[in-house]
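Sequence order for the protein chains is A, B, C and D. Taking our numbering, the leading residue of the first sequence gets 1, the next gets one more, and so forth. Taking our numbering, the leading residue of the second sequence gets 113, the next gets one more, and so forth. Taking our numbering, the leading residue of the third sequence gets 225, the next gets one more, and so forth. Taking our numbering, the leading residue of the fourth sequence gets 337, the next gets one more, and so forth. Note that the Cβ used here is the ideal one computed from N, Cα and C, for glycine as well.
4 protein chains.
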Amino acid sequence: MTLEELSARQRAFADARAWGPFHTPKNLVMALTGEVGELNELFQWLTPEEAEAAPTDPDARARIEDEMADVLLYLVRLADVLDVDLIAAGNAKIDRNETRFPPGVGRTALER
Amino acid sequence: MTLEELSARQRAFADARAWGPFHTPKNLVMALTGEVGELNELFQWLTPEEAEAAPTDPDARARIEDEMADVLLYLVRLADVLDVDLIAAGNAKIDRNETRFPPGVGRTALER
Amino acid sequence: MTLEELSARQRAFADARAWGPFHTPKNLVMALTGEVGELNELFQWLTPEEAEAAPTDPDARARIEDEMADVLLYLVRLADVLDVDLIAAGNAKIDRNETRFPPGVGRTALER
Amino acid sequence: MTLEELSARQRAFADARAWGPFHTPKNLVMALTGEVGELNELFQWLTPEEAEAAPTDPDARARIEDEMADVLLYLVRLADVLDVDLIAAGNAKIDRNETRFPPGVGRTALER
């Protein structure tokens with residue numbers, strides 16, 4: 001399945017429930033934020049080592065995949081509502097990043 | 113380009129800069145959070161109507177696509193590090209949501 | 225009770241549970257993020273009018289106060305761990321904002 | 337200065353700029369989210385050790401205090417708009433947490 005097909009399935013899911021009026025850009029940004037918050041909650045108290053190992057635990061993996069799915073689905077839904085091609089946008093951003101961050105140039109810990 | 117190919121390009125980009133040690137699960141969740149925060153900033157003061165219209169303004173659209181690309185890229189990078197198949201996870205989540213939210217059953221405004 | 229006293233109570237609470245090792249700066253920023261995510265979830269599907277009216281509903285008010293308390297408590301805890309005087313920092317920020325945003329000068333919807 | 341006085345100053349600041357119409361509950365939750373995102377960005381690439389040491393660097397401390405001030409100010413503004421007594425809410429939450437998390441009972445890494 002492609003990302004576009006996933007988006008079409010998510011749109012059909014929302015349409016079948018008449019959720020269109022709720023799926024405004026601001027609401028979807030807030031919903032995306034809520035899911036990213038839940039993803040933070042899965043990792044917040046883990047040591048770096050525990051966080052690396054989390055995907056090897058079936059329960060932890062299931063929870064992580066569930067929250068990452070929610071993040072993806074709201075991002076995809078927002079892109080659909082705003083008519084944004086996510087893959088093209090991501091690709092264009094890597095193009096810009098190639099220029100902004102030439103390989104071999106270090107960055108300091110606090111630098112963004 | 114598929115999501116998988118975008119992920120491979122993003123991984124190559126990080127590898128060429130030796131950013132692997134920075135790209136721990138916790139760090140990537142925080143970076144994802146930072147980008148979602150920037151996406152919020154683009155919409156926070158807009159009225160619902162202005163938010164709907166934002167993609168028709170070329171400047172606003174460029175900024176929105178840029179932030180959504182950043183969100184996607186960190187999500188894709190996190191999935192790569194955690195060995196999560198995002199499309200499969202999203203698809204499985206819609207399967208579960210079909211059961212959780214049967215069509216035709218309303219939900220109240222505060223219900224989640 | 226003052227904010228400083230609330231902070232001291234929160235510190236004593238954490239100390240009594242030996243949570244100090246978990247309360248690193250990065251972990252607390254993530255925990256703060258999780259609570260802000262939950263606050264978003266309370267408001268995400270509300271219309272602007274419903275959001276204004278939410279505090280008049282006792283159930284909704286209780287949930288909102290609960291999440292805002294969580295945000296405050298992690299912010300206060302982070303300030304304690306980083307030795308930041310929150311009130312002084314907030315006051316200094318309003319001083320700077322007085323200069324950055326002179327009264328009577330409008331700002332556009334997308335301006336930050 | 338007390339938190340209440342800081343809130344009154346923040347309200348006067350907003351009133352002098354006629355920002356009331358922008359300061360709806362949903363908009364303020366999004367603005368709070370944006371600032372928490374910026375706080376994440378300050379810490380995201382730091383090792384745990386670098387994060388602990390950040391407040392000893394004057395530049396890093398200034399940036400951290402600035403972002404924490406922004407988080408506090410939007411939280412205080414939201415509380416003002418929703419007529420929430422933050423200190424009372426925080427205190428009531430610690431009361432509940434005393435019951436939820438009795439001292440001496442451990443919690444596992446993934447437990448919330």
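- Item | Status (buried if at least 16 other CB within 10 Å, exposed otherwise) for residue 436(D) | As a first step, residue 436(D) must be located in the fourth sequence, where it is residue number 100. Result: exposed.
### Message
Is the beta carbon of residue 295(C) closer than 8 Å to that of residue 252(C)?
### Response
Position 28 of the third sequence, counted from the start, is the residue given in the question as residue 252(C). Position 71 of the third sequence, counted from the start, is the residue given in the question as residue 295(C). No; because the gap between Cβ atoms is not below 8 Å, this pair is not in contact.
Margin query: Below 9 Å on C-beta distance, what does residue 114(B) contact in chain C?
Written below: Within the second sequence, residue 114(B) is the residue found at index 2, counting from 1. Near residue 114(B) there are no residues of chain C at all, since even the closest Cβ is about 30 Å away, more than 9 Å.
Using 8 Å as the threshold, is the C-beta distance between residue 61(A) and residue 55(A) below it? For this step, residue 61(A) is matched to residue 61 along the first sequence. For this step, residue 55(A) is matched to residue 55 along the first sequence. Result yes, Cβ atoms of residue 61(A) and residue 55(A) sit closer than 8 Å.
Give a yes or no on whether the C-beta atoms belonging to residue 156(B) and residue 404(D) are separated by under 8 Å. Along the second sequence, one-based indexing puts residue 156(B) at 44. Along the fourth sequence, one-based indexing puts residue 404(D) at 68. No, these two residues do not count as a Cβ contact at 8 Å.
Taking all protein chains shown into account, do 16 or more other C-beta atoms lie within 10 angstroms of the C-beta of residue 210(B), making it buried, or fewer, making it exposed? By 1-based counting over the second sequence, the position of residue 210(B) is 98. Looking at its Cβ environment, which holds fewer than 16 other Cβ atoms inside 10 Å, residue 210(B) is exposed.
ask   = Under the three-state reduction of DSSP, which class applies to residue 104(A): helix, strand or coil?
value = Here residue 104(A) refers to the residue found at position 104 when the first sequence is read from its first residue. Of the three classes helix, strand and coil, the one that applies to residue 104(A) here is coil, per DSSP.
Candidates 93(A), 13(A), 84(A): which alpha carbon is nearest residue 214(B)'s? By 1-based counting over the second sequence, the position of residue 214(B) is 102. The residue with the shortest Cα to Cα distance from residue 214(B) is 13(A).
*Name the chain D residues that come within less than 7 Å of residue 241(C), Cβ to Cβ?*
Here residue 241(C) is taken as the residue at index 17 of the third sequence, counted from 1. Those within 7 Å of residue 241(C) in chain D are 437, 439.
Review point. Would you say residue 55(A) faces chain D, with C-beta separation under 8 Å as the test?
Key: Along the first sequence, read from residue 1 onward, the residue named residue 55(A) stands at position 55. Residue 55(A) does not count as touching chain D.
Item checked: residue 420(D) - DSSP class collapsed to helix/strand/coil -> As a first step, residue 420(D) is located in the fourth sequence; it is residue number 84 there, counting from the start. The answer is coil: DSSP assigns residue 420(D) none of H, G, I, E or B.
*For the region 266–309 of chain C, list the alpha helix (DSSP H) runs that are entirely contained and at least 4 residues long, ordered along the chain.*
272–277, 282–306
**Request:** Step through the CB atoms of chain A and report whether any lies within less than 8 Å of the CB of residue 284(C).
**Result:** On the third sequence, position 60 is the one that residue 284(C) refers to. It does not: the Cβ of residue 284(C) has no partner Cβ on chain A nearer than 8 Å.
Please classify residue 337(D): does DSSP put it in a helix, a strand, or coil? For the purposes of this step, residue 337(D) is taken as residue 1 along the fourth sequence, with counting starting at 1. If DSSP states are grouped into helix, strand and coil, residue 337(D) belongs with coil.
### Message
Is it buried or exposed, residue 341(D), if we count other Cβ atoms within 10 angstroms and call 16 or more buried?
### Response
Counting from 1 along the fourth sequence, the entry for residue 341(D) is found at position 5. Per the 10 Å Cβ criterion, exposed.
- For the region 349–379 of chain D, enumerate the residues whose C-beta is nearer than 7 Å to any C-beta of chain B, in chain order. 358, 363, 366, 367, 369, 370, 372, 373, 374, 376, 377, 379
Item to complete: State buried or exposed for residue 104(A), treating a residue as buried only when at least 16 other CB atoms are found within 10 Å of its CB.
Response: By 1-based counting over the first sequence, the position of residue 104(A) is 104. Exposed, since its Cβ has fewer than 16 Cβ neighbours within 10 Å.
- Task: Round the Cβ separation of residue 265(C) and residue 34(A) to the nearest angstrom and send it over; I've been treating them as touching at under 8 Å.
- Result: If you number the third sequence from 1, residue 265(C) lands on position 41. If you number the first sequence from 1, residue 34(A) lands on position 34. Contact flag correct, Cβ pair sits at about 4 Å.
Worksheet item: Out of 149(B), 159(B), 190(B), which has the shortest C-alpha to C-alpha gap to residue 132(B)?
Response: For the purposes of this step, residue 132(B) is taken as residue 20 along the second sequence, with counting starting at 1. Of the candidates 149(B), 159(B), 190(B), the one whose C-alpha sits nearest the C-alpha of residue 132(B) is 190(B).
Decide if residue 88(A) is buried, meaning its Cβ has at least 16 other Cβ atoms within 10 Å, or exposed. Against the first sequence, residue 88(A) aligns to sequence position 88. Result: exposed.
ask   = Which of helix, strand or coil does DSSP assign to residue 18(A)?
value = As a working note, residue 18(A) is residue 18 in the first sequence. If DSSP states are grouped into helix, strand and coil, residue 18(A) belongs with coil.
- Task: Determine the DSSP secondary structure at residue 257(C), reduced to helix, strand or coil.
- Result: What you label residue 257(C) is simply residue 33 of the third sequence in a count that begins at 1. Looking at residue 257(C) - three-state DSSP - the assignment turns out to be helix.
Thinking just about the alpha-carbon of each residue, which of 234(C), 319(C), 226(C) is nearest to the one in residue 431(D)?
Counting from 1 along the fourth sequence, the entry for residue 431(D) is found at position 95. Nearest option by C-alpha distance: 234(C).
- Message: Just verifying my parser: in three-state terms, what is the DSSP assignment at residue 360(D)?
- Response: Taking the fourth sequence and counting its residues from 1, the one referred to as residue 360(D) is at position 24. If DSSP states are grouped into helix, strand and coil, residue 360(D) belongs with coil.
Do we get a CB-CB distance below 8 Å when we pair residue 232(C) with the residues of chain D?
The sequence position of residue 232(C) within the third sequence is 8, counting from 1. Not closer than 8 Å to any Cβ of chain D, the Cβ of residue 232(C) fails to qualify, so no.
- Starting from the Cα of residue 417(D), find the closest Cα among 276(C), 314(C), 282(C), 240(C) and give me that residue. For the purposes of this step, residue 417(D) is identified with residue 81 of the fourth sequence, where counting begins at 1. The shortest C-alpha separation from residue 417(D) is found at 276(C).
**Request:** Give the straight-line distance between the Cα atoms of residue 373(D) and residue 17(A), rounded to the nearest whole angstrom.
**Result:** Mapped onto the fourth sequence, residue 373(D) falls at position 37. Mapped onto the first sequence, residue 17(A) falls at position 17. Answer to the nearest angstrom: the Cα atoms are 32 Å apart.
Just to make sure I have the definition right: I need the residues of chain B whose C-beta is within less than 8 Å of the C-beta of residue 83(A). Which are they?
Taking the first residue of the first sequence as position 1, residue 83(A) is located at position 83. Chain B residues near residue 83(A): 167.
Through-space distance from residue 59(A) to residue 361(D), alpha-carbon basis: For the purposes of this step, residue 361(D) is taken as residue 25 along the fourth sequence, with counting starting at 1. For the purposes of this step, residue 59(A) is taken as residue 59 along the first sequence, with counting starting at 1. Roughly 36 Å between the two C-alpha positions.
| For residue 317(C), which residues of its own chain have a beta-carbon under 6 Å away from its beta-carbon, when the five flanking residues on both sides are left out? | In the third sequence, residue 317(C) corresponds to position 93, counting from 1. No residues qualify anywhere along the chain.
**OP:** Indicate whether at least one CB of chain B lies closer than 8 Å to the CB of residue 80(A).
**Re:** Position 80 of the first sequence holds residue 80(A). No, residue 80(A) does not count as interfacial toward chain B.
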